[in-house]
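Novice: Below are the structure tokens for one structure; questions will follow.
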Amino acid sequence: MMVGVVGAVVPALPGITLIVGAIVVWGLVAGFVGLKWALGVAIAALILSFAIDYLAGVLGAQRVGASNWGQVGAFVGMFLGLFGLLPLLPTGIPLLGLLVGTVLGAFVGEFLHRRELKLLLRVKQSAKVGLAIVVGTLVGNILQGVLALISLVVFLVTTWPGNWA
Numbered sequence: 256m257m258v259g260v261v262g263a264v265v266p267a268l269p270g271i272t273l274i275v276g277a278i279v280v281w282g283l284v285a286g287f288v289g290l291k292w293a294l295g296v297a298i299a300a301l302i303l304s305f306a307i308d309y310l311a312g313v314l315g316a317q318r319v320g321a322s323n324w325g326q327v328g329a330f331v332g333m334f335l336g337l338f339g340l341l342p343l344l345p346t347g348i349p350l351l352g353l354l355v356g357t358v359l360g361a362f363v364g365e366f367l368h369r370r371e372l373k374l375l376l377r378v379k380q381s382a383k384v385g386l387a388i389v390v391g392t393l394v395g396n397i398l399q400g401v402l403a404l405i406s407l408v409v410f411l412v413t414t415w416p417g418n419w420a
């Protein structure tokens, strides 16, 4: 379950999905006794986390007037930043590559789209979009971490021997 909480905050790791899976496995072992609330909260958190995952980056980008090019560039950059550096996973560098790749991808996508602007304005708008997408994504990850912690606490409270529920 703790891996699920960490995964909710770290991009590209399945956070709340692991928590729901752990609760289901616990339920199979324990006969699903007392898991109604824990499973319900975890599934609700999972659904909310999907919405947050999508909306966080998009809303951050829309606030600064990002084009679809910037958003697609962010996704491509995130993908390349993570998987391009995957051989260095033990060092943690792919997680850094995820953030740097997202910023660079959004910047390049927006820069290519804004050809009508003068160079300095083009660079400024592209940098603003890259930063906004990363900030939106980080805020989304923090919210997902909160949802994961809520799911974990509800599970512990409802399954602890002599529980309080």
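Residue numbering for the sequence shown follows the working numbering, beginning at 256 and increasing consecutively. For every residue, glycine included, the Cβ atom is placed at its ideal position computed from N, Cα and C. Please read these numbers as outputs of a predicted model, since none were measured by experiment.
#1: By DSSP, does residue 361 sit in helix, in strand, or in coil?
#2: Classify residue 495 as buried or exposed, calling it buried when 16 or more other Cβ atoms lie within 10 Å of its own Cβ.
#3: Taking only the alpha-carbon atoms, compute the straight-line gap between residue 401 and residue 269 and give it to the nearest angstrom.
#4: Is residue 415 helix, strand or coil by DSSP?
#5: Using 9 angstroms as the threshold, is the C-beta distance between residue 388 and residue 326 below it?
#6: Can you say whether residue 410 is buried or exposed, counting buried as having 16 or more other CB atoms within 10 angstroms of its CB?
#7: Over the uninterrupted alpha helix (DSSP H) stretch that includes residue 335, give me the two end residues.
#8: Compute the Euclidean distance between the alpha carbons of residue 335 and residue 361, then round it to the nearest angstrom.
#9: How about residue 352 and residue 367: are their beta carbons less than 9 angstroms apart?
#10: For the alpha helix (DSSP H) containing residue 318, name the first residue and the last one.
#11: Give the straight-line distance between the Cα atoms of residue 321 and residue 399, rounded to the nearest whole angstrom.
#12: For residue 286, does the count of other Cβ atoms within 10 angstroms reach 16, so buried, or fall short, so exposed?
#13: Give the secondary structure of residue 372 by DSSP, where H, G and I count as helix, E and B as strand, and everything else as coil.
#14: Give the DSSP-derived three-state secondary structure of residue 378 in the structure shown.
#15: Once you ignore the five residues that flank residue 328 on each side, which residues in its own chain have a CB closer than 6 angstroms to its CB?
Specialist: From the atom records:
#1: Here residue 361 is taken as the residue at index 106 of the sequence shown, counted from 1. Residue 361: helix per DSSP, three-state reduction.
#2: In the structure displayed, the chain extends from 256 to 420; residue 495 sits before or after that span and is not available.
#3: On the sequence shown, residue 401 is found 146 positions in, with the first residue counted as 1. On the sequence shown, residue 269 is found 14 positions in, with the first residue counted as 1. Going by the C-alpha atoms only, they are around 15 angstroms apart.
#4: Numbered from 1 along the sequence shown, position 160 holds the residue referred to as residue 415. Residue 415 falls in the coil class under three-state DSSP.
#5: As a position in the sequence shown, residue 388 is number 133, starting the count at 1. As a position in the sequence shown, residue 326 is number 71, starting the count at 1. Yes, the Cβ-Cβ distance between residue 388 and residue 326 is below 9 angstroms.
#6: As a position in the sequence shown, residue 410 is number 155, starting the count at 1. By the 10 Å Cβ count, residue 410 comes out buried.
#7: Walking along the sequence shown from the start, residue 335 turns up at place 80. That run of the alpha helix (DSSP H) goes 323 to 338.
#8: Taking the sequence shown and counting its residues from 1, the one referred to as residue 335 is at position 80. Taking the sequence shown and counting its residues from 1, the one referred to as residue 361 is at position 106. Rounded to whole angstroms, residue 335 to residue 361 spans 12 angstroms at the Cα level.
#9: Counting from one through the sequence shown, the residue named residue 352 turns up at place 97. Counting from one through the sequence shown, the residue named residue 367 turns up at place 112. Going by beta carbons, residue 352 and residue 367 fall outside the 9 angstroms limit.
#10: Numbered from its first residue, the sequence shown carries residue 318 at position 63. Note, residue 318: alpha helix (DSSP H), 291 to 318.
#11: Counting from one through the sequence shown, the residue named residue 321 turns up at place 66. Counting from one through the sequence shown, the residue named residue 399 turns up at place 144. Cα-Cα distance, rounded: 24 angstroms.
#12: Within the sequence shown, numbered from 1, the residue matching residue 286 stands at position 31. Classification for residue 286: exposed.
#13: Here residue 372 corresponds to residue number 117 of the sequence shown, with the count starting at 1. Looking at residue 372 - three-state DSSP - the assignment turns out to be coil, as it is neither helix nor strand.
#14: Looking up residue 378 in the sequence shown gives position 123. Three-state result, residue 378: helix.
#15: Position 73 of the sequence shown, counting from 1, holds the residue named residue 328. So the list reads 360, 361, 363, 364, once near-sequence residues are dropped.
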